[in-house]
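Chemist: If you use my numbering, the sequence shown closes out at 1561, no skipped numbers anywhere. My questions will all concern the structure given below.
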Amino acid sequence: MTSSSVVDSSVDVGPVAEIVAAHAPFAEADIIGSLQDLQERYGYLPQPALDELARLSGLPVAKFYGVATFYAQFHLQPHGKHTVRVCRGTACHVRGAPGVMDSVTRQLGVAGGETTPDMLFSLETVACLGTCFLSPVMLVDNKYYGNLTREKAVKILEVLAASHTGKGAAN
Ligand code: FES
């Protein structure tokens, strides 16, 4: 295996130098901030950009991967513009989460852990969103939607999708 020498030429690592420069003098305390900057720039953390970040910062690439895999906010694969997290915890489960998840997967056409082909939505399931009193609940980006029904969940996604096409984006 020569994975460390394989470079995805479709990723322009040029902007990484700016990110490292913005954190100079680069120290371990800058790892999270630099990863946030990297993700903001690329939408996720492409491997070639991570390798370049490690090279220019002088820190082992394993440290960057360690942080990137520890925090849920970081994505190592291309990620949708919106993150939809449907709770599958017990409180939500008994109040209809399986039906909500079924409707959401049908609406988006992807399963949990997948991203829609238009890169608009990434769908995830979580063990508990910490808002059981709202069950069943889903979190879309930073906004919680509680007391969901199948219909409400679909409507939320329809409105959000429409806001990107300019069609019927009623609030
Ligand atoms: S079980 Fe769903 S929010 Fe806690």
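Beta carbons are placed, not taken as given, at the ideal position from N, Cα and C, and that holds for glycine. If you're wondering where the values come from, they're calculated on a predicted model, not measured in any experiment.
1) Tell me whether Gln-1497 is buried or exposed, calling it buried when 16 or more other Cβ atoms sit within 10 Å of its Cβ.
2) So the candidates are Tyr-1455, Thr-1480, Thr-1555 and Gln-1429; which of them puts its Cα closest to the Cα of Ala-1517?
3) Could you tell me which residues DSSP puts in a beta bridge with Tyr-1534?
4) Could you spell out where the beta strand (DSSP E) holding Phe-1511 opens and where it closes?
5) Once you ignore the five residues that flank Pro-1405 on each side, which residues in its own chain have a CB closer than 7 Å to its CB?
6) Runs of 4 residues minimum, wholly inside the stretch 1442 to 1479: which ones carry the alpha helix (DSSP H) assignment?
7) Should Val-1527 be counted as a contact of the ligand FES given a C-beta to heavy atom distance under 7 Å?
Modeler: Checking against the coordinates, here is how it stands:
1) buried
2) Thr-1480
3) Tyr-1534 pairs with Leu-1529.
4) Phe-1511 -> beta strand (DSSP E) spans 1511 to 1516.
5) Arg-1431
6) 1451 to 1460
7) yes
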